[in-house]
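Input: a single structure, listed below in C-alpha cells.
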Amino acid sequence: MVNYICRYFIQKFIGKSFKANNQIVAKEIRLIDVNGHMVGVCPLEKGLSMAAEQNLDLIEISATASPPVCRIADLGKLKYQAKKKLQLAKKKQKKVELKEVKMKPSIEAHDLDVKIKQVTKFIQDGAQVKIYMKFKGREVLFSEQGRKVLDKIWDSVSSIATKDYEPKFEGRNMVMQISQAKNR
-17 MVNYICRYFI QKFIGKSFKA NNQIVAKEIR LIDVNGHMVG VCPLEKGLSM AAEQNLDLIE
43 ISATASPPVC RIADLGKLKY QAKKKLQLAK KKQKKVELKE VKMKPSIEAH DLDVKIKQVT
103 KFIQDGAQVK IYMKFKGREV LFSEQGRKVL DKIWDSVSSI ATKDYEPKFE GRNMVMQISQ
163 AKNR
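According to my numbering, the residues represented by the sequence shown are -17 to 166, in order.
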C-alpha cells in the first residue's frame, strides 16, 4: 500500500502531471509570481512571457481551479523539492513490526526463560509481539496450563508492555498480543 502511494505521489508531483509552459491549454490563468505573490487573472501568453523574461517556467499547479492556478518557477527545482519532501515523509514514517513467538503448553522452565527474553527484546525494540500457544491433540483439554504459561510471560513483561488483547483461542492456538507501553 505504501509503495502504491509513493508511486502515485511521484507520478503526480514529481513526474508527469506538472504541465509546464506550452503544455498548458487554458486561455486564462490565475498567476502567482516567483515570490509567491498573486498577480491575478491574466491571459496565458502574458504568463508565458513573464516566465520567459526571468528564464523560468510557467507551471500549472492546480488544473481543476477555474481559472487554473499557474506559478512562475524553475521546473527542475520544483521537482527536486517535491522529491525531497517525499523522501522526508518516507523517513519519518514509522513502521511497526509484528513479531511472533510460538510455544507449547508443556514448555520447560529454561526454554520459557529464553522465550521471555526474546519477547522482552522485541518489545524494547518497539515491535508488537504475538505469542502463540500451540495445542496438539488432547492438549486442548488442558488449555488452563497454556493460560498459566501466558500469564507467566505477561507477569515478566507487564512493566514494559501493554496487552493488545487477552489470551484467546484461534483454532487450536491460544493467542495473546502485546506491545510497548505508551508511557515510555
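By construction, the Cβ of each residue, glycine as well, lies at the ideal position given by its N, Cα and C atoms.
Each residue's CA atom was taken as its position, placing K99 and Q106 some 11 Å apart. In the DSSP secondary-structure assignment, L80 is bridged to Q110. The beta-carbon distance between E42 and L26, rounded to whole angstroms, is 10 Å. This is too long to meet the 8 Å contact definition. The Cβ atoms of D39 and A2 lie closer than 8 Å to each other. Unbroken alpha helix (DSSP H) stretches of 4 residues or longer found wholly inside the segment 87 to 135: 91 to 106, given in chain order.
In terms of CA proximity to A33, R53 leads the group L123, I142, R53 and K130. Taking C-beta separations shorter than 8 Å and ignoring five residues to either side along the sequence, the partners of V131 in its chain run M85, P87, I89, L94 and M115, following chain order. Along the length of the segment 24 to 84, whole alpha helix (DSSP H) runs at least 4 residues long occupy 26 to 35 and 57 to 74, reported in chain order. A Cβ-Cβ contact shorter than 8 Å links D146 with Q110.
With 16 or more other Cβ atoms inside 10 Å of its own Cβ, F117 counts as buried. For N155, the closest alpha carbon among the candidates V101, F104, S141 and F124 is that of F124. Secondary structure note for I14: its beta strand (DSSP E) is the uninterrupted segment E10 to I14. In the DSSP annotation of this structure, the continuous segment of the beta strand (DSSP E) that includes Q162 starts and ends at N155 to Q162.
Residue pairing by DSSP puts F151 in a beta bridge opposite M156. Setting aside the 5 residues that flank it on each side, A163 is surrounded in the same chain by I142, A143 and T144, each with a C-beta closer than 7 Å to its C-beta; the list follows chain order.
Each of G108, Y62 and K73 was checked against the Cα of I160, and the nearest Cα belongs to G108. For the set K61, V101, P149 and S140, the Cα lying nearest the Cα of E126 is the one of P149.
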